[in-house]
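> Quick note: the sequence shown, position 191, residue 191 per full-length UniProt numbering, numbers continuous.
Structure incoming, see below.
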Amino acid sequence: MKKLLTLVFALLPSLVFAAGGSSVPLDHPNNDIRDKASLQNGAKLFMNYCFGCHATQYQRYERVATDLDIPLELMKENLMFDPELNIGELMTNPMKAEDGAKWFGTAPPDLTLVARVRGTDWLYTYLRTFYADPSRPFGVNNIVFPNVGMPHVLEELQGVPQPVWGKTTVGGEEVDAVVGVKTDGTGELSSSEYDAAMRDLVNFLQYAGDPVQVEREQLGIWVLLFLVIFTAVAFLLYKEYWRDIH
Numbered sequence: 001m002k003k004l005l006t007l008v009f010a011l012l013p014s015l016v017f018a019a020g021g022s023s024v025p026l027d028h029p030n031n032d033i034r035d036k037a038s039l040q041n042g043a044k045l046f047m048n049y050c051f052g053c054h055a056t057q058y059q060r061y062e063r064v065a066t067d068l069d070i071p072l073e074l075m076k077e078n079l080m081f082d083p084e085l086n087i088g089e090l091m092t093n094p095m096k097a098e099d100g101a102k103w104f105g106t107a108p109p110d111l112t113l114v115a116r117v118r119g120t121d122w123l124y125t126y127l128r129t130f131y132a133d134p135s136r137p138f139g140v141n142n143i144v145f146p147n148v149g150m151p152h153v154l155e156e157l158q159g160v161p162q163p164v165w166g167k168t169t170v171g172g173e174e175v176d177a178v179v180g181v182k183t184d185g186t187g188e189l190s191s192s193e194y195d196a197a198m199r200d201l202v203n204f205l206q207y208a209g210d211p212v213q214v215e216r217e218q219l220g221i222w223v224l225l226f227l228v229i230f231t232a233v234a235f236l237l238y239k240e241y242w243r244d245i246h
């Protein structure tokens, strides 16, 4: 019971993080958590752009390296920024919750389970719909999470995203709203490359929320196969047992 309560309280920041606008049409990233190259790139993106504020405290470095086929030495050299850390430790970061709340208005949530809480479509759309908004503290806003308190940490990859205005229906009335974004071309990646990178990042977060999903699905196939064979054998045994009984 104590562990369950701990997990519930750990999820609360993620629920706050996920409280953005749900009425916005969401894009589907077409994830494949069997794609190790995608997961490896997603892990690299997460550690380099997200881990400074967001932890995945229910994961361990060694488990991630093993699952994603990353050599342990390579993991230590490139994805573990504290040389004092042990490869078997949990993926926490040193930011204090009170500091995060002071800087961002609320403590940045742990992201281990965010894909399960909010969904991969929401995450994929969220990461691609930041836009420049000088009225906001960090100069950006977000289509699916209006008045977001997070800076656009991936701007160097995407470039400066400018809002695209259009008509949308709210409460049965047509109003002007930001319906899309268009970058200024200053990012390191093209639009298609950025979309692919965000797919990889979301893919990694989906894996983080359920690391045994692939193994569970594979085991499920064997269980179903066993049940089919067992049922056939049991039926034949049943017929043999009752063959001479009228």
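Ideal Cβ positions, reconstructed from N, Cα and C, are used throughout, including at glycine.
On a predicted model such as this, the values are computed, not experimentally measured, just so you know.
Quick one, are the C-beta atoms of tyrosine 61 and methionine 47 less than 7 Å apart?
Here residue 61 is taken as the residue at index 61 of the sequence shown, counted from 1. Here residue 47 is taken as the residue at index 47 of the sequence shown, counted from 1. No, these two residues do not count as a Cβ contact at 7 Å.
> Can you have a look at glycine 204 and say buried or exposed, based on whether 16 or more other CB atoms are within 10 angstroms of its CB?
As a working mapping, residue 204 is identified with position 204 in the sequence shown. Going by the sequence as given, residue 204 is phenylalanine instead of glycine. Buried: at least 16 other Cβ atoms inside 10 Å.
> Using DSSP with H/G/I as helix, E/B as strand and the rest coil, what is asparagine 142?
On the sequence shown, residue 142 is found 142 positions in, with the first residue counted as 1. Of the three classes helix, strand and coil, the one that applies to asparagine 142 here is strand, per DSSP.
> Taking all protein chains shown into account, decide if tyrosine 238 is buried (16 or more other Cβ within 10 angstroms of its Cβ) or exposed.
One-based indexing of the sequence shown puts residue 238 at position 238. Exposed, since its Cβ has fewer than 16 Cβ neighbours within 10 Å.
> Count the other CB atoms, across all protein chains shown, that sit within 10 Å of the CB of threonine 186; report buried if there are 16 or more and exposed otherwise.
One-based indexing of the sequence shown puts residue 186 at position 186. Threonine 186 is exposed by the Cβ-count criterion.
> At the level of alpha carbons, what is the spacing between valine 179 and histidine 28?
To locate residue 179, count along the sequence shown from 1; it is residue 179. To locate residue 28, count along the sequence shown from 1; it is residue 28. Going by the C-alpha atoms only, they are around 17 Å apart.
> Report the rounded CA-to-CA distance for tryptophan 165 versus leucine 74, giving the unit in angstroms.
Walking along the sequence shown from the start, residue 165 turns up at place 165. Walking along the sequence shown from the start, residue 74 turns up at place 74. Their backbone Cα atoms lie some 45 Å apart in a straight line.
> Could you give the DSSP three-state label for glutamate 89: helix, strand or coil?
Sequence index remark: in the sequence shown, residue 89 carries index 89 (1-based). Residue state, collapsed to three classes: coil.
> Determine the extent of the beta strand (DSSP E) in which arginine 60 is found, giving its start and end residues.
For the purposes of this step, residue 60 is taken as residue 60 along the sequence shown, with counting starting at 1. Unbroken beta strand (DSSP E) run through arginine 60: 56 to 60.
> Alpha carbon to alpha carbon, what distance is there between leucine 236 and asparagine 31?
Looking up residue 31 in the sequence shown gives position 31. Looking up residue 236 in the sequence shown gives position 236. The alpha-carbon atoms of asparagine 31 and leucine 236 are separated by roughly 43 Å.
> Just to confirm the assignment, what range does the alpha helix (DSSP H) spanning tryptophan 103 have?
Looking up residue 103 in the sequence shown gives position 103. Residues 97 to 104.
> Residues in the same chain with beta-carbon distance under 6 Å from glycine 209, minus the five sequence neighbours each way, listed in chain order, please.
What you label residue 209 is simply residue 209 of the sequence shown in a count that begins at 1. Within the same chain, glycine 209 has close Cβ partners Leu113, Ala115 and Arg116.
> Of the choices Gln206, Gln218 and His54, whose alpha-carbon is the least far from that of methionine 150?
Numbered from 1 along the sequence shown, position 150 holds the residue referred to as residue 150. Out of Gln206, Gln218 and His54, His54 has the C-alpha closest to the C-alpha of methionine 150.
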